[in-house]
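Quick note, our numbering runs 823 ahead of the 1-based positions in the sequence shown.
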Amino acid sequence: MTTDPNSLNSFASPQVASKSIKDQETTAVKGSFQDQAIALAQQANQALAAADWSIALTGYRAALRLDPAIPGVYINLAAALKGLGKMAAARQACAQALRLDPHSAIGVRNWLALLDWADRTQAMQACHHLLDQIPESAALYVAAAHRLNNRDQFPELMDWVRSRPLPDTWRNLPSFDRAAIGYWQGLKHYFDGDLATAETWLRRAIADEVTYQPPHVQLSLILAEQRRLTEALAVLDAACARWPDHGTLRHNRALCWLTLGHWAEGFVENEWQWRSGQMTKQDLPGQEWDGTPIPDRTILIWADQGFGDSLQWARYLQWVADRCQTVILLCPKALVRVMRSAPGAGYVTDGVCETLHFNTHLPLSSLPRLTQTTVDRVPAPIPYLFPTATEGIAPLPLPKPDQRRVGIVWASGFRSGDRLETIHRQKSSSLPELAAALTVPGVQLYSLQVDRADADVAHLAQFGIIDLAPQIKDFADTAAYLAQLDLLITVDTAICHLAGAMGKPVWTLLCFAADWRWLLDRPDTPWYPTMRLFRQTEPGDWSEPLQQVRSTLLSGQF
């Protein structure tokens, strides 16, 4: 615990210090109370330095009886109380120091150190309570936020930033603290959907302290989300020049390059995802495969990303199989059966790596880099995934024989976390909105939405949509139903990749800040020749792409 640096340079023995304290207290009337209080405190400081907590405590209390308005004495009193194990009293002493001097960095630091952070809720309640008493303390505001500024406490950090008014005195803080506040305010406004204000705060944070990394990362994301990719790249290029080994910055730059169609550079730069803190490589024996042919060896390819990515990258398995003896594909259980239909897949399992025998390995997402995929050269013929799970899959019911069968999916898969929840909301429409646009003569709608809200079940009946989800156990079941459909209309989620890989007609609804793989502004995609893209022109507004889908559906052009 830090003490207030008041004259600790001439140490007396505890006995001498005790005698001096008593003598000076009785003669305090001969001088000013403040001078005598300071003298008593200096004697107590000597005892504190010698870890004689009781004598120090006596001295500080004596000093405060003479002058109860010296913040530094309360700080050192708290240190003595802490030494005696009197934590509650120590916190009270530190709190009083802050009431006298709300801007004391030592006082704030010591008071926070005295809280029981194992009970984070109670600790933050104490922070709220004290800041209610001294709302002008920017030092306390920022120090408490710093305590929460790590990944496992991020929700609490955002709660703190949202619930506390920013003290007017924050501009007097050191540059690093001002930059941190700018970053947190930027995050708050970003998650509230106010990108313009978020950008203003983040640029201010960078101006306050250019060596503070987080605002550079978040500003690049906000610019990219608005499709201002040239500006995002300018931020990222400058930041990467300053921090060339920063995984998140390098990975964000890769995503910008990929979105712009610079796939050769982008897939190489994308390997920085493993140093971004967002992805973790499996700890596997042996070296990663570098693409060199090894005709007498076994390669383990492991799915490292989501369902959609895995289905998209399955196109590369034949390329791997042509360069080795055996391919083992390790993927989630929901993908195992459908992945077995991919050419070159070899042995497909969701098992444990320790039970598998292989010579080398590679994450599935590294294959576009090894194959040197570009926008003009996407390998694998379509289809490369096939319906194999026909047992237990009944023919689709069709109320009227002349109707077209159209499957629908309105929401992407949900994943927890502020950033992931934001992406989920951006990519998802709603069942009533989608069904209203797609309910047209001559079309029977079928729901393949596996994850849905309870309210959606009632909407299915309201719009006469046949629900297939209860019969779907995995993606092989989904593929069997897709094979019976004339068309799939879906938001950007895993099923669009499955339909595209099967060569089925699929119309994909894209949010304004669509994923890199869909490039910019195109109505088609080099990944799937049977896919059409319908894009938002305004963030969060599905009306225009849904109207385009409805018009195309009414025209029968599928």
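Just so it is clear, CB atoms sit at the ideal spot from N, CA and C, and this is done for glycine as well.
Do residue 1038 and residue 1006 have their C-beta atoms within less than 7 Å of each other?
Here residue 1038 refers to the residue found at position 215 when the sequence shown is read from its first residue. Here residue 1006 refers to the residue found at position 183 when the sequence shown is read from its first residue. Result yes, Cβ atoms of residue 1038 and residue 1006 sit closer than 7 Å.
Do you know how far the Cα of residue 1124 is from the Cα of residue 1056?
Residue mapping note: residue 1056 aligns to position 233 of the sequence shown, counting from 1. Residue mapping note: residue 1124 aligns to position 301 of the sequence shown, counting from 1. Residue 1056 and residue 1124: Cα-Cα distance of roughly 32 Å.
State the Cα-Cα distance for the pair residue 1276 and residue 1317, rounded to the nearest angstrom.
Position 453 of the sequence shown holds residue 1276. Position 494 of the sequence shown holds residue 1317. Roughly 18 Å separates the two Cα atoms.
Whole-angstrom Cβ separation of residue 1137 and residue 1208, contact assumed at under 8 Å?
For this step, residue 1137 is matched to residue 314 along the sequence shown. For this step, residue 1208 is matched to residue 385 along the sequence shown. That belief holds up - the Cβ atoms of residue 1137 and residue 1208 are roughly 6 Å apart, short of 8 Å.
Quick check on the burial criterion: 16 or more other C-beta atoms within 10 angstroms. Buried or exposed for residue 1327?
Within the sequence shown, numbered from 1, the residue matching residue 1327 stands at position 504. Looking at its Cβ environment, which holds 16 or more other Cβ atoms inside 10 Å, residue 1327 is buried.
Could you check what DSSP says for residue 984 in three-state terms: helix, strand or coil?
For the purposes of this step, residue 984 is identified with residue 161 of the sequence shown, where counting begins at 1. Three-state DSSP puts residue 984 in a helix.
Here's a check: name, in chain order, each residue in its chain whose Cβ is nearer than 8 Å to the Cβ of residue 984, leaving out the five neighbours to either side.
As a working mapping, residue 984 is identified with position 161 in the sequence shown. Result list for residue 984: 968, 1007, 1008, 1010, 1011, in chain order.
I'd like to know if the segment 1362-1369 and the segment 1337-1346 are in contact, where contact means that at least 3 CB-CB pairs between them fall below 8 Å.
At 8 Å Cβ cutoff, the stretches do not touch.
Given a cut-off of 7 Å, decide if residue 961 and residue 988 are closer than it, judged by their beta-carbon atoms.
Within the sequence shown, the letter at position 165 stands for residue 988. Within the sequence shown, the letter at position 138 stands for residue 961. Not a contact, by the Cβ cut-off of 7 Å.
Could you check how far apart the C-beta atoms of residue 1219 and residue 1227 are, in whole angstroms? I think they sit under 8 Å.
Here residue 1219 refers to the residue found at position 396 when the sequence shown is read from its first residue. Here residue 1227 refers to the residue found at position 404 when the sequence shown is read from its first residue. That belief does not hold up - the Cβ atoms of residue 1219 and residue 1227 are roughly 11 Å apart, past 8 Å.
Using 7 Å as the threshold, is the C-beta distance between residue 1031 and residue 1002 below it?
On the sequence shown, position 208 is the one that residue 1031 refers to. On the sequence shown, position 179 is the one that residue 1002 refers to. In this structure, residue 1002 lies closer than 7 Å to residue 1031 by Cβ.
Measure the CB-CB distance between residue 1171 and residue 1163 and report whether it falls below 7 Å.
Here residue 1171 corresponds to residue number 348 of the sequence shown, with the count starting at 1. Here residue 1163 corresponds to residue number 340 of the sequence shown, with the count starting at 1. The answer is yes: Cβ separation under 7 Å.
Helix, strand or coil for residue 1323 per DSSP?
As a working mapping, residue 1323 is identified with position 500 in the sequence shown. Looking at residue 1323 - three-state DSSP - the assignment turns out to be helix.
Spell out a yes or no on whether the segment 993-1002 and the segment 1021-1036 are touching, meaning 3 or more CB-CB pairs, one atom from each, closer than 8 Å.
The segment 993-1002 is in contact with the segment 1021-1036.
Do three or more CB pairs link the segment 1073-1081 to the segment 1045-1065 at distances below 8 Å?
Flag = yes, the segment 1073-1081 and the segment 1045-1065 touch.
Going by DSSP, what residues sit across from residue 950 in a beta bridge?
Your numbering for residue 950 matches position 127 in the sequence shown. In the DSSP output, where bridge partners are listed per residue, residue 950 has none listed.
From the DSSP output, in three-state form, read off residue 1374 for me.
Along the sequence shown, one-based indexing puts residue 1374 at 551. Reduced to three states, the DSSP call for residue 1374 is helix.
Could you work out which residue in 1173, 1233, 1210 is closest to residue 1273 when comparing CA atoms only?
Here residue 1273 refers to the residue found at position 450 when the sequence shown is read from its first residue. Selected option, being the one with the closest Cα: 1233.
To the nearest angstrom, how far is the alpha carbon of residue 1333 from that of residue 1045?
By 1-based counting over the sequence shown, the position of residue 1333 is 510. By 1-based counting over the sequence shown, the position of residue 1045 is 222. Rounded to whole angstroms, residue 1333 to residue 1045 spans 18 Å at the Cα level.
Residue 963 to residue 869, Cα distance in whole Å?
Within the sequence shown, residue 963 is the residue found at index 140, counting from 1. Within the sequence shown, residue 869 is the residue found at index 46, counting from 1. Looking at the two C-alpha atoms, the distance is approximately 29 Å.
Please go through the segment 902-962 and give each complete alpha helix (DSSP H) segment of 4 or more residues, from N-terminal end onward.
Listed in chain order, they are 910-923, 928-936, 943-956.
For residue 1181, which residues in the same chain have their Cβ closer than 7 Å to its Cβ, ignoring the five residues on either side in sequence?
Your numbering for residue 1181 matches position 358 in the sequence shown. Same-chain partners within the cutoff: 1121, 1122, 1123, 1151.
Answer yes if the segment 1081-1096 comes into contact with the segment 1280-1296, meaning at least three C-beta pairs across the two stretches below 8 Å, and no otherwise.
No, the segment 1280-1296 does not touch the segment 1081-1096.
Please list the terminal residues of the continuous beta strand (DSSP E) segment that includes residue 1267.
Numbered from its first residue, the sequence shown carries residue 1267 at position 444. Unbroken beta strand (DSSP E) run through residue 1267: 1266-1270.
Please check the pair residue 1251 and residue 1314, which I expect to be a contact at CB under 8 Å, by giving their CB distance rounded to whole angstroms.
Within the sequence shown, numbered from 1, the residue matching residue 1251 stands at position 428. Within the sequence shown, numbered from 1, the residue matching residue 1314 stands at position 491. Indeed, because the Cβ distance is near 6 Å, the residues count as touching under 8 Å.
Quick one: give me the first and last residue of the beta strand (DSSP E) that residue 1170 is part of.
Against the sequence shown, residue 1170 aligns to sequence position 347. Note, residue 1170: beta strand (DSSP E), 1170-1172.
Leaving out the 5 sequence neighbours to the left and right, which residues in its chain are closer than 6 Å to residue 1126 when beta-carbon positions are compared?
As a first step, residue 1126 is located in the sequence shown; it is residue number 303 there, counting from the start. Around residue 1126: 1133, 1154, 1187.
Look at the alpha carbon of residue 1067 and the alpha carbon of residue 949, and state the distance between them as a whole number of angstroms.
Along the sequence shown, one-based indexing puts residue 1067 at 244. Along the sequence shown, one-based indexing puts residue 949 at 126. Each residue's alpha carbon lies about 41 Å from the other.
As a quick exercise: from 1139, 1312, 1173, pick the residue whose alpha carbon is nearest that of residue 1190.
Here residue 1190 refers to the residue found at position 367 of the sequence shown. When only C-alpha atoms are compared, the closest one is 1139.
If we call anything under 7 Å between Cβ atoms a contact, is residue 946 one with residue 938?
Taking the sequence shown and counting its residues from 1, one reaches residue 946 at position 123. Taking the sequence shown and counting its residues from 1, one reaches residue 938 at position 115. In this structure, residue 938 lies closer than 7 Å to residue 946 by Cβ.
On a Cα-Cα basis, can you pick out the residue from 1167, 909, 1211 that is closest to residue 876?
Within the sequence shown, the letter at position 53 stands for residue 876. Residue 876 has its Cα closest to that of 909, out of 1167, 909, 1211.
When DSSP labels each residue in this structure, what does residue 1330 get in the three-state scheme?
Residue numbering aside, residue 1330 sits at position 507 when the sequence shown is read from its first letter. Strand at residue 1330.
Could you tell me the boundaries of the beta strand (DSSP E) in which residue 1184 lies?
In the sequence shown, the residue the question calls residue 1184 occupies position 361. Residues 1183-1186.
CB-CB under 6 Å to residue 1307, same chain, minus the five flanking residues each way: which ones, in chain order?
Reading the sequence shown from its first residue, position 484 is the one you call residue 1307. Cβ within range, chain order: 1219.
Would you kindly report the start and end of the unbroken alpha helix (DSSP H) that includes residue 1079?
The sequence position of residue 1079 within the sequence shown is 256, counting from 1. Where residue 1079 is concerned, the enclosing alpha helix (DSSP H) stretches over 1070-1082.
Return the chain-ordered list of same chain residues with a C-beta closer than 6 Å to the C-beta of residue 1381, the five sequence neighbours on each side being excluded.
The sequence position of residue 1381 within the sequence shown is 558, counting from 1. Hits under 6 Å: 1310, 1328.
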